[in-house]
Each structure stands twice: as structure tokens, then as C-alpha cells.
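Notes follow the structure.
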Ligand SMILES: NC(=O)c1ccc[n+]([C@@H]2O[C@H](COP(=O)([O-])OP(=O)(O)OC[C@H]3O[C@@H](n4cnc5c(N)ncnc54)[C@H](O)[C@@H]3O)[C@@H](O)[C@H]2O)c1
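Residue numbers (the numbering used here): 81 to 430.
Structure (C-alpha cells):
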């Protein structure tokens, strides 16, 4: 049994406490600290200690692990203080505002030998696990074109997420999740990036964005995050040389079609006349040349993130979300911000 404390008892900090209490019996949430009184009022309902300050947590020798769930601009200094106080640290995403800040944390992590990991919980999302499993089983051949999209219509980003100073904006908020997922899917180097960061509702931060990445194995990824979309398209569309996978929505409804290796067919030389106009190149493929497969039956649980962290602390496992992986994602994010600023893409090797 490890003792745990949460720093920041807002939306996500409260989720951490409740989820651990329900699903992670090896971890005991001893208490939490938040600068807001209304947030601290929740400690009674949650049945945890109300720490009076961050120092009190850091000086409590019983605390083995802390989770940092405060606005993004405060992650770096808080993580460094916690590591220096001898605590193992889980930090919410985005770990920092840029890669230089993360490098400072990693230097202190190495110096102290404590665990440091970022809560990239969306590695356990079912839609992502389906795509990962389809790739692992080779169901799509070589994946060449991948699109991953989250589309909403809430408009502007709320609270501190709408402020640049606090590390707000969509690239740092959701971009980090979609980038982390796609960089997990393709273990190769990122060799080209491009970003369109729109400020539709905000003067300060990007709120509707499109990112393009090219990997050294030839896979191209387009990532989209919007807040003005009334008609959603799909969550994932993945095209490989041997198949196509579609995940339509958050419920993971979708389809997977594979080319039949032995289907004999020749494409019609004639032009096809569609309502939109004539075409030969884009003529529909006959169904008998394809097999429809069930989507891989995989499921994840965000609690598995903490189970892995605890296994690492018990010396039984390797850390899943490693600082070096997060640093690669932050290097890509640095370049995406630069791309948006300068209005062109960049070749790279990340
Ligand atoms: N992994 C995920 O799926 C996920 C989802 C939501 C949020 N997050 C991340 O969690 C973090 C918090 O986001 P949120 O949605 O909970 O925000 P929030 O605004 O709901 O909560 C933040 C809390 O931090 C408190 N706080 C601010 N400064 C503090 C300080 N110095 N010491 C202690 N408490 C302080 C605030 O009073 C507030 O209660 C962010 O980094 C965010 O990106 C991650």
C-alpha cells in the first residue's frame, strides 16, 4: 500500500481521488491541497485529509506519490519541488509548456532517482487501443494515411485554458493527447511537421487546430481538434495498403475492410458517371474484392496507468509513460508552435 496526495482539487484532481478510491486498492489517497477554499471543502466528502499547504504534503514522510493537477504553467516548478522533496511524481498533461521546461524536470528526476511520469491516460482509450491492435495484427497492411479527430462545438476554451500565460490552447490541451497516441502507434522518427492553429473564439490561444506529421516509414498523420463543429465526421480513419479502418464516434462504432488477397478483378476502363461528375480513378471498388472484419475486441481502463506506476514502484514493471517519450512529444509541439508562427512546415528528425 502506497500513500498518495493530490495537488489541485479541481475537475481532474477530484477525478484522480475518486478513481483511485474506486479502482486502485494498492494506493491510499491520504489527502489533497488546493489554493481555493471551495475546492478544499470537497475533502470532507472524499474522506481525505485537507493539507494546509504544498509544504505540508512535501514534509509528510508518509506520502510516497503525488499527483499534480493544477493549471499547466505551474507544473514545472511544482514537479521540481516535489521531486526534490523526495516524492514520486505523476504530473497531469501537458507536462509543461515546452520541451526546455520538461528537460529541467528530467534533470531533477535523474538527480533524485524518483519516479516521474505524465498522466497520458488516453493511451488506454478504447478507440486508440482498437487502432493499435489492428496495426499490431497487420490487419491494414502498411498504414500510410491516418486521421485522428476530436470535434466539438462548445466554442471558446473555458477558464485558465483560454489564457496563454497559463499554458492554455488546444494544442497543449488536446493536441498533446492525439500526438502522444499517434507517436505511440508509429515508433519511427517524425520527419516533417506542419500546423494550422486557428483562433476562432479567442484572441489569445489556439482553439481550432489541424496538425500534419510525416513519419520516416512513410506514414502521414492528420490530427484535428475543433470546437465549432455541428456535424462530426469521424474519430479515426486509417488507410493502409491492405485495409481501411473507420471509428466513427466516442462509442467506438466503426468498420474495418480488408482487401481479399485472392479476389480476381480488373478495373473497368470506362468512365463512371456520378451525380457529382465523371470519374475513373475514384470509381467505387466492387464489394466482392473485400472482406469486412469485426473491430478488434480490446478494452482499456485509465486505472491501468496507476497500476503500472505502482508496479514500477514495487520493482515489478517498466514504466509505460516514460519521460523520454513525453520529451519527444514536447519537441514536436515546440516545432508545431513555430510552424504556426512562421506559416510553413518544418523538416525534422524527432
Ligand atoms: N488527462 C486528462 O484527461 C485531463 C483532463 C482534464 C484536465 N487535465 C489536466 O489537469 C490539470 C488541471 O485541470 P482541471 O481541468 O482539473 O482544472 P481546474 O481548473 O478544474 O482545476 C485546477 C485546480 O488547481 C487549483 N490550483 C491552482 N493553483 C494551485 C496551486 N498553486 N496549488 C494548489 N492548487 C492550485 C485550482 O484552485 C483548481 O481547483 C491541467 O493540467 C489539465 O490539462 C487532464
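A virtual CB, placed ideally from N, CA and C, is assigned to each residue, including glycine. The model shown is predicted, which means the values in this text are computed figures rather than measured ones.
Practice task
Can you grab the Cα-Cα spacing for the pair residue 151 / residue 92, in whole Å?
Solution key: 10 Å
Exercise for the section: Compute the Euclidean distance between the alpha carbons of residue 385 and residue 400, then round it to the nearest angstrom. Expected result: 8 Å
Handout entry: residue 231, DSSP secondary structure in three states
Key = strand
Problem - chain B within 9 Å of residue 180, Cβ atoms only - result: The structure shown contains no chain B; it is built from a single protein chain.
Handout entry: C-beta contact flag for residue 174 and residue 247 at 9 Å
Key = yes
Exercise for the section: Hey, could you find the ends of the alpha helix (DSSP H) residue 263 is sitting in? Expected result: 256-265
Problem - Length at least 3, wholly inside the stretch 336-409: the beta strand (DSSP E) runs in chain order - result: 352-354, 357-359 and 370-373
Problem - Limits of the alpha helix (DSSP H) - the one that residue 91 falls within - result: 91-103
Exercise for the section: Indicate, with yes or no, if ligand 1 has a heavy atom lying under 8 Å from the CB of residue 186. Expected result: no
Exercise for the section: Would you mind giving the Cβ-Cβ distance between residue 195 and residue 211, rounded to the nearest angstrom? I have them listed as a contact below 8 Å. Expected result: In fact, because the Cβ distance is near 28 Å, the residues do not count as touching under 8 Å.
Practice task
On a CA-only basis, which of 329, 154, 256 and 191 is nearest residue 200? Give me that one, please.
Solution key: 256
Problem - Beta-bridge partners of residue 117, as assigned by DSSP - result: Partner(s): none; residue 117 has no beta bridge.
Exercise for the section: Please classify residue 84: is it buried, with 16 or more other beta-carbons within 10 angstroms of its beta-carbon, or exposed? Expected result: buried
Practice task
Report yes if the C-beta of residue 172 is less than 8 Å from at least one heavy atom of ligand 1; otherwise report no.
Solution key: yes
Practice task
Going by DSSP, name the residue or residues bridged to residue 274.
Solution key: 292
Practice task
In angstroms with no decimal places, state the Cα-to-Cα distance between residue 185 and residue 251.
Solution key: 21 Å
Handout entry: Bounding residues of the alpha helix (DSSP H) (the contiguous stretch that carries residue 189)
Key = 179-192
Exercise for the section: Round the Cβ separation of residue 420 and residue 276 to the nearest angstrom and send it over; I've been treating them as touching at under 8 Å. Expected result: 7 Å
Handout entry: Spatially closest choice to residue 134 from 128, 317, 357 and 86, by CA coordinates
Key = 86
Practice task
Quick one: grab the DSSP three-state call for residue 281.
Solution key: coil
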